[in-house]
Structures are given as structure tokens and as C-alpha cells.
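Participant:
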Amino acid sequence: MSLTKVITASVVVIAMAVLFYLMTVTIEEIRIARERLTDLLVPLLKLNLWGFLVGVLLEWRSIRAVLTDSLRINGMLLPAVLLTILVFIPGPYWVEWLGLRDSFMMNMLLMSETHLLLCVVAGVLMMRSLHGRTRSTTG
Numbered sequence: 070m071s072l073t074k075v076i077t078a079s080v081v082v083i084a085m086a087v088l089f090y091l092m093t094v095t096i097e098e099i100r101i102a103r104e105r106l107t108d109l110l111v112p113l114l115k116l117n118l119w120g121f122l123v124g125v126l127l128e129w130r131s132i133r134a135v136l137t138d139s140l141r142i143n144g145m146l147l148p149a150v151l152l153t154i155l156v157f158i159p160g161p162y163w164v165e166w167l168g169l170r171d172s173f174m175m176n177m178l179l180m181s182e183t184h185l186l187l188c189v190v191a192g193v194l195m196m197r198s199l200h201g202r203t204r205s206t207t208g
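According to the working numbering, the sequence shown is numbered sequentially starting from 70.
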């Protein structure tokens with residue numbers, strides 16, 4: 070294994086650890102904001118951002134390719150952008166704006182666990198749509 074690959078893998082692992090630390094801090098901020106009945110917008114947006122960045126880091130090869138090669142945009146860009154917009158709107162605001170609470174889509178967006186997973190998926194899709202890669206090419 071080359072030194073460059075070791076350094077790259079180390080940077081990705083450290084960045085992931087930092088993002089997971091930031092997630093735990095932000096989850097605590099959300100808990101405190103709920104107890105104090107203060108606005109949740111900023112902590113929820115931060116948590117969404119950390120999840121999105123985890124998804125981006127999962128596609129670290131695409132990051133390197135986008136930075137060193139030219140962009141190769143594929144057909145996944147529109148769904149990736151739409152999902153990214155969708156997940157960056159915190160769940161409680163969907164209920165406030167649309168008044169929907171008992172549909173599958175609302176439950177998916179309101180549950181913090183599934184919402185965070187959708188943020189990660191949005192990050193992965195965004196990187197794959199910018200790199201042009203649609204499936205894993207290992208080996």
C-alpha cells in the first residue's frame with residue numbers, strides 16, 4: 070500500500086471521527102433546545118449538514134476525482150439535488166408548513182434517525198452524480 074493511500078485513508082477516518090463527534094454535540098444541543106423550548110432550526114440544520122458530509126466522505130474517491138479531474142455529471146444530479154433540498158428542511162417545519170403528520174413521507178422526514186440517514190444518502194448521491202460513477206468499482 071502506498072504512502073498516499075495510507076495518508077488519504079487516515080484523513081478520511083479522522084474526518085469521519087470529527088463529524089461523528091460534531092453529531093453527538095449537536096444532538097445534545099437539540100436535546101437542550103427541546104427542554105428549553107427554544108428554536109431548533111440551527112441545531113437541526115447542523116445535524117443535517119454533518120450527515121450530508123458523512124455521505125460525501127463515504128464517497129472519498131469521488132471527492133478526489135472531482136478535485137483532480139473534470140466534473141462528469143450524470144443523470145443522478147437532479148434526484149441528488151432534490152433529495153438534498155428535501156433533507157435540509159428540518160422535519161418539524163414540514164408539519165408546520167404542510168400540516169401533514171400521519172403519512173409515510175412525513176413519518177420518514179420526522180423521525181430523526183431516518184432523516185439523518187436520508188442526509189447521508191443525499192451526500193453519497195451528490196458525489197456520485199458529480200463524478201459520474203453509478204456503482205461501486207472495487208477490485
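Yeah, the Cβ is synthetic: ideal placement off N, Cα and C, and Gly gets one too.
1. Hey, Phe157 and Asn117 are a contact pair by Cβ (cut 8 Å); roughly how many whole angstroms apart?
2. Under a three-way DSSP split, which group does Gly107 fall into?
3. Could you check if Thr153 is buried or exposed, using at least 16 other CB atoms within 10 Å of its CB as the buried criterion?
4. Tell me the DSSP secondary structure of Gly208 in three-state form.
5. What are the boundary residues of the alpha helix (DSSP H) that Gly192 is part of?
6. Indicate the three-state DSSP secondary structure (helix, strand or coil) for Phe121 in the structure shown.
7. Provide the residue span of the alpha helix (DSSP H) that contains Arg133, from first to last.
Facilitator: Straight from the coordinates:
1. In this structure Phe157 touches Asn117 by the C-beta definition: roughly 5 Å separates them, less than 8 Å.
2. The question names Gly, yet the displayed sequence has Thr at residue 107. Looking at Thr107 - three-state DSSP - the assignment turns out to be coil, as it is neither helix nor strand.
3. buried
4. The predicted model places Gly208 with a pLDDT of 41, which falls under 50 and marks its position as unreliable; any figure quoted below should be read in that light. Coil, per DSSP.
5. Ser181 to His200
6. helix
7. Trp129 to Thr137
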